[in-house]
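Asker: Anchor point for the sequence shown: position 278 equals 278 in full-length UniProt numbering, and the numbering is continuous, going up by one each time.
Before I ask anything, let me first share the structure, which is written out below as structure tokens.
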Amino acid sequence: MAGHQPRPEVVPESYLIDPVGEQVFRGLRPAAMAVVVAQKVRDTRLKRREQEREQREHRLDELFDELDISGDGMLDSSEVKMLLTGMAEGKEPSEEELSFIMKTTTQKPDGDRMPRSKLAQAMESWSVYLAEFCEDGAAGKVLFDKYDADRSGKLTPDELKALLRDLSGRNVSDVDTDWVVMKADVLGDGLISKIELGQAIALWLSKVSEAELAEEASTTQSSQKSSVAGRFEVTAVKFVRPPITMDFEVPQFTASGLRVRFLKVQEKSQYKPIKWIRYLTKAGTYEHRI
Numbered sequence: 001m002a003g004h005q006p007r008p009e010v011v012p013e014s015y016l017i018d019p020v021g022e023q024v025f026r027g028l029r030p031a032a033m034a035v036v037v038a039q040k041v042r043d044t045r046l047k048r049r050e051q052e053r054e055q056r057e058h059r060l061d062e063l064f065d066e067l068d069i070s071g072d073g074m075l076d077s078s079e080v081k082m083l084l085t086g087m088a089e090g091k092e093p094s095e096e097e098l099s100f101i102m103k104t105t106t107q108k109p110d111g112d113r114m115p116r117s118k119l120a121q122a123m124e125s126w127s128v129y130l131a132e133f134c135e136d137g138a139a140g141k142v143l144f145d146k147y148d149a150d151r152s153g154k155l156t157p158d159e160l161k162a163l164l165r166d167l168s169g170r171n172v173s174d175v176d177t178d179w180v181v182m183k184a185d186v187l188g189d190g191l192i193s194k195i196e197l198g199q200a201i202a203l204w205l206s207k208v209s210e211a212e213l214a215e216e217a218s219t220t221q222s223s224q225k226s227s228v229a230g231r232f233e234v235t236a237v238k239f240v241r242p243p244i245t246m247d248f249e250v251p252q253f254t255a256s257g258l259r260v261r262f263l264k265v266q267e268k269s270q271y272k273p274i275k276w277i278r279y280l281t282k283a284g285t286y287e288h289r290i
């Protein structure tokens with residue numbers, strides 16, 4: 001027919017993006033474009049994290065090979081001592097500090113030798129100790145010195161008991177104190193040294209958090225029990241907005257003395273005015289779709 005204009009081809013939405021994701025065709029709806037952009041950003045972020053992880057592992061491998069003078073694939077105490085000395089800007093670790101690092105990072109039956117897989121753990125443990133318990137004014141150092149009444153460089157069970165009581169605001173029994181000492185006393189002398197204190201505090205605050213959550217749960221329980229049965233139909237919904245993704249970590253104890261027991265996330269459904277509460281602990285990735 002004369003004057004007939006060809007009808008423009010309608011491209012399905014699933015084909016609006018080329019395989020490599022470099023070209024967005026004209027006509028893509030803004031909402032769909034937002035999803036595409038968000039996904040590309042997420043993929044780029046994940047790729048960057050993977051590259052950083054590989055680079056970090058490569059640097060650790062190079063460092064391990066430099067320290068492994070004997071070339072046996074394991075680090076003995078003298079080789080680990082060189083590592084700790086370098087991280088402390090030339091200050092050698094004490095025998096107790098070195099012993100603590102070795103005991104917490106070696107595997108039986110190797111005994112006093114550190115495998116390659118434990119190098120990152122040893123470095124992290126030592127760097128945290130240097131920052132939190134060795135620097136002037138650091139919270140851990142101030143805390144330890146305050147309760148080390150006899151200036152022995154060790155906390156007796158009674159001194160530790162007073163520290164834990166003041167730290168949590170709860171009564172601490174002898175049984176509680178003995179439990180913390182048993183778990184945190186890596187050196188095995190029945191006392192808590194400065195390098196063991198961080199572990200002792202983490203153990204106690206974790207125990208207190210569990211006790212408080214149990215108490216809260218017991219006070220909210222009803223004396224009557226009932227059961228509810230129902231049938232639900234779930235319809236798949238296509239989300240047109242990018243998800244909100246957040247990596248989180250819930251610490252038990254920080255340098256400032258801040259204590260966080262859980263992360264409370266409050267969600268609001270777009271269909272019902274019902275608020276959904278989630279209690280997240282430890283660490284992970286949280287994703288919320290709007």
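For glycine and all other residues, C-beta sits at the position ideal for the given N, C-alpha and C.
Since L46 sits in a beta bridge, which residues does DSSP pair it with?
Answerer: Partner(s): none; L46 has no beta bridge.
Asker: Return yes when the Cβ of D148 is within less than 9 Å of the Cβ of L155, no when it is not.
Answerer: yes
Asker: Taking the runs of the alpha helix (DSSP H) that are 4 residues or longer, which of them lie wholly in the segment 53-82?
Answerer: Scanning the segment 53-82 for uninterrupted alpha helix (DSSP H) segments of 4 residues or longer gives nothing; none is fully contained.
Asker: Taking the alpha helix (DSSP H) that R165 falls in, what are its first and last residues?
Answerer: Start and end: P157 to S168.
Asker: So, R116 versus G73, is the Cβ gap smaller than 9 Å?
Answerer: Contact flag set, yes.
Asker: Using a Cβ distance threshold of 8 Å, determine whether the segment 126-135 contacts the segment 180-191, with at least three qualifying pairs required.
Answerer: No, because fewer than three Cβ pairs between the segment 126-135 and the segment 180-191 fall closer than 8 Å, the two stretches do not touch.
Asker: Indicate whether E66 and I195 have their beta-carbon atoms separated by less than 9 Å.
Answerer: no
Asker: Among all the DSSP beta bridges, which residues are the ones paired with K154?
Answerer: S193
Asker: Since I believe L164 is in contact with V180 (beta carbons under 8 Å), could you give me their beta-carbon distance rounded to a whole number of angstroms?
Answerer: Yes, they are in contact, since the Cβ atoms of V180 and L164 sit about 7 Å apart, within 8 Å.
Asker: Please determine, among K161, Q51, E50 and M123, the residue with the shortest C-alpha to C-alpha distance to L83.
Answerer: M123
Asker: Looking only at C-alpha atoms, which of V208, A88 and A184 sits nearest to V128?
Answerer: A88
Asker: By the DSSP assignment, the alpha helix (DSSP H) with K103 in it spans what residues?
Answerer: E95 to T105
Asker: G86: buried (16+ other C-beta within 10 angstroms of its C-beta) or exposed?
Answerer: With fewer than 16 Cβ atoms within 10 Å of its Cβ, G86 is classed as exposed.
Asker: Would you mind working out which of A162, L75, R42 and R45 sits nearest T105, comparing C-alpha positions?
Answerer: L75
Asker: Would S168 pass as a contact of L205 if the rule is Cβ separation under 9 Å?
Answerer: yes
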